[in-house]
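Structure, as C-alpha coordinates:
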Amino acid sequence: MAFALTFPQLFSDAIGESHFGSVNLQLVTRNFAPPAEPFDVSDFAAATRYGFLRAPSGWVGDLHPSPMCMWVFVLSGEVEFEASDGERRRLPAGSAILLEDTTGKGHQSRVIGDVSVLLAVVQV
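Adding 1 to a residue's 1-based position in the sequence shown gives its number in our numbering.
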(Lines of atoms letter the chains of each structure in order from A and count residues from 1; the text may use other names and numbers.)
(Lines give C-alpha, C1' and ligand atoms only; values in the text may rest on other atoms or scores of the structure.)
Protein backbone atom coordinates (compact mmCIF):
# COMPACT_ATOMS: atom_id res chain seq x y z
CA MET A 1 0.00 0.00 0.00
CA ALA A 2 1.37 3.45 -0.91
CA PHE A 3 1.28 6.52 1.29
CA ALA A 4 1.85 10.12 0.19
CA LEU A 5 3.39 13.08 1.98
CA THR A 6 2.87 16.67 0.89
CA PHE A 7 5.15 19.50 1.98
CA PRO A 8 5.20 23.20 1.05
CA GLN A 9 8.00 24.56 -1.11
CA LEU A 10 9.18 28.05 -2.02
CA PHE A 11 10.43 28.56 -5.57
CA SER A 12 11.29 31.46 -7.89
CA ASP A 13 9.59 32.04 -11.22
CA ALA A 14 11.22 33.33 -14.42
CA ILE A 15 10.86 36.99 -13.38
CA GLY A 16 12.25 36.49 -9.87
CA GLU A 17 9.04 36.38 -7.81
CA SER A 18 8.86 33.67 -5.18
CA HIS A 19 5.75 31.54 -4.73
CA PHE A 20 4.58 28.61 -2.66
CA GLY A 21 4.03 25.25 -4.28
CA SER A 22 3.83 21.67 -3.07
CA VAL A 23 6.22 18.74 -3.02
CA ASN A 24 4.57 15.32 -3.08
CA LEU A 25 6.51 12.27 -1.95
CA GLN A 26 5.28 8.71 -2.31
CA LEU A 27 6.07 6.13 0.35
CA VAL A 28 5.90 2.47 -0.59
CA THR A 29 6.00 -0.52 1.76
CA ARG A 30 9.50 -1.99 1.55
CA ASN A 31 11.69 -4.46 3.32
CA PHE A 32 14.01 -1.64 4.40
CA ALA A 33 15.79 -2.99 7.49
CA PRO A 34 15.51 -6.77 7.62
CA PRO A 35 14.84 -8.70 9.72
CA ALA A 36 12.51 -5.92 10.94
CA GLU A 37 9.04 -5.99 9.44
CA PRO A 38 8.51 -3.96 6.22
CA PHE A 39 7.29 -0.37 6.52
CA ASP A 40 6.63 2.64 4.27
CA VAL A 41 9.74 4.28 2.76
CA SER A 42 10.21 7.05 0.18
CA ASP A 43 12.88 7.09 -2.50
CA PHE A 44 16.11 8.54 -1.15
CA ALA A 45 17.54 11.74 -2.65
CA ALA A 46 21.09 13.02 -2.50
CA ALA A 47 21.99 15.50 0.23
CA THR A 48 25.17 17.56 0.49
CA ARG A 49 25.41 18.67 4.12
CA TYR A 50 23.29 19.53 7.12
CA GLY A 51 23.24 21.96 10.04
CA PHE A 52 21.08 23.43 12.77
CA LEU A 53 19.82 26.99 13.13
CA ARG A 54 18.35 28.75 16.14
CA ALA A 55 16.68 32.16 15.87
CA PRO A 56 15.35 34.07 18.88
CA SER A 57 11.80 35.22 19.49
CA GLY A 58 11.11 38.36 17.45
CA TRP A 59 13.76 37.60 14.80
CA VAL A 60 12.84 38.77 11.28
CA GLY A 61 14.79 37.96 8.12
CA ASP A 62 14.22 40.67 5.53
CA LEU A 63 13.49 39.70 1.93
CA HIS A 64 16.29 37.40 0.74
CA PRO A 65 16.77 34.43 -1.59
CA SER A 66 17.53 31.13 0.06
CA PRO A 67 21.34 30.79 0.36
CA MET A 68 21.07 27.22 -0.98
CA CYS A 69 18.45 24.70 -2.02
CA MET A 70 17.51 23.09 1.28
CA TRP A 71 14.96 21.22 3.32
CA VAL A 72 14.09 23.00 6.57
CA PHE A 73 12.64 20.93 9.43
CA VAL A 74 11.09 22.84 12.34
CA LEU A 75 12.20 21.06 15.53
CA SER A 76 10.71 23.49 18.05
CA GLY A 77 8.97 26.85 18.00
CA GLU A 78 7.17 28.30 14.98
CA VAL A 79 8.39 30.16 11.91
CA GLU A 80 6.55 32.01 9.15
CA PHE A 81 7.72 32.30 5.55
CA GLU A 82 6.39 35.01 3.24
CA ALA A 83 6.88 34.66 -0.53
CA SER A 84 7.62 37.81 -2.51
CA ASP A 85 4.10 37.51 -3.99
CA GLY A 86 2.74 38.19 -0.46
CA GLU A 87 1.51 34.70 0.46
CA ARG A 88 2.43 33.61 3.99
CA ARG A 89 2.70 30.16 5.58
CA ARG A 90 3.27 29.34 9.24
CA LEU A 91 5.20 26.21 10.11
CA PRO A 92 4.91 24.86 13.65
CA ALA A 93 7.21 22.26 15.21
CA GLY A 94 7.08 19.03 13.23
CA SER A 95 6.71 20.82 9.87
CA ALA A 96 9.06 20.88 6.90
CA ILE A 97 9.50 23.06 3.81
CA LEU A 98 11.68 22.81 0.70
CA LEU A 99 13.36 26.15 -0.07
CA GLU A 100 14.28 26.41 -3.75
CA ASP A 101 14.02 30.20 -4.18
CA THR A 102 17.78 30.65 -4.60
CA THR A 103 17.40 33.42 -7.21
CA GLY A 104 15.19 36.47 -7.54
CA LYS A 105 13.59 38.39 -4.69
CA GLY A 106 13.38 35.46 -2.31
CA HIS A 107 11.26 35.40 0.83
CA GLN A 108 10.94 36.89 4.30
CA SER A 109 11.02 34.72 7.39
CA ARG A 110 10.14 35.46 10.99
CA VAL A 111 9.93 33.68 14.32
CA ILE A 112 6.37 33.52 15.64
CA GLY A 113 5.56 33.62 19.35
CA ASP A 114 7.62 34.23 22.44
CA VAL A 115 10.06 31.33 22.11
CA SER A 116 13.02 30.78 19.79
CA VAL A 117 12.78 28.48 16.79
CA LEU A 118 15.13 25.53 16.28
CA LEU A 119 15.57 24.29 12.71
CA ALA A 120 17.39 21.37 11.12
CA VAL A 121 18.56 22.21 7.59
CA VAL A 122 19.62 19.70 4.91
CA GLN A 123 21.24 21.05 1.73
CA VAL A 124 20.07 19.29 -1.43
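Positions of the beta carbon are idealized from the N, C-alpha and C atoms, including for glycine.
On a predicted model such as this, the values are computed, not experimentally measured, just so you know.
How about serine 43 and leucine 28: do their beta carbons lie closer than 7 Å?
Position 42 of the sequence shown, counted from the start, is the residue given in the question as residue 43. Position 27 of the sequence shown, counted from the start, is the residue given in the question as residue 28. Result yes, Cβ atoms of serine 43 and leucine 28 sit closer than 7 Å.
For a test of the three-state rule: what should DSSP assign to proline 93, helix, strand or coil?
Along the sequence shown, one-based indexing puts residue 93 at 92. Proline 93: strand per DSSP, three-state reduction.
So, at 8 Å on beta carbons, what are the nonlocal neighbours of leucine 64 in its own chain, with the 5 sequence-adjacent residues on each side left out?
Mapped onto the sequence shown, residue 64 falls at position 63. Hits under 8 Å: Ser85, Lys106, Gly107, His108, Gln109.
Please report how far the alpha carbon of leucine 100 lies from the alpha carbon of alanine 46, in whole angstroms.
Reading the sequence shown from its first residue, position 99 is the one you call residue 100. Reading the sequence shown from its first residue, position 45 is the one you call residue 46. Taking the straight line joining both Cα atoms gives about 15 Å.
By DSSP's criteria, serine 85 is part of a beta bridge. Which residues make up the other side?
The sequence position of residue 85 within the sequence shown is 84, counting from 1. None, per the DSSP bridge assignment.
Valine 73 classed as buried or exposed, judged by whether at least 16 other C-beta atoms fall within 10 angstroms:
The residue given as residue 73 occupies position 72 in the sequence shown. Of the residues assessed, valine 73 falls on the buried side of the cut-off, its CB having 16 or more other CB atoms within 10 angstroms.
Roughly how many angstroms separate the alpha carbons of threonine 30 and glutamate 38, rounded to a whole number?
For the purposes of this step, residue 30 is taken as the residue at position 29 of the sequence shown. For the purposes of this step, residue 38 is taken as the residue at position 37 of the sequence shown. Each residue's Cα considered, the two are about 10 Å apart.
Should phenylalanine 8 be flagged as near chain D, meaning a C-beta pair shorter than 7 Å?
Chain labels in this structure do not include chain D; a single protein chain is all it has.
Alpha-carbon spacing of arginine 111 relative to alanine 94, whole angstroms
Sequence index remark: in the sequence shown, residue 111 carries index 110 (1-based). Sequence index remark: in the sequence shown, residue 94 carries index 93 (1-based). When rounded, the distance between both Cα atoms is 14 Å.
For tryptophan 60, which of helix, strand or coil comes out of DSSP?
Within the sequence shown, residue 60 is the residue found at index 59, counting from 1. Coil.
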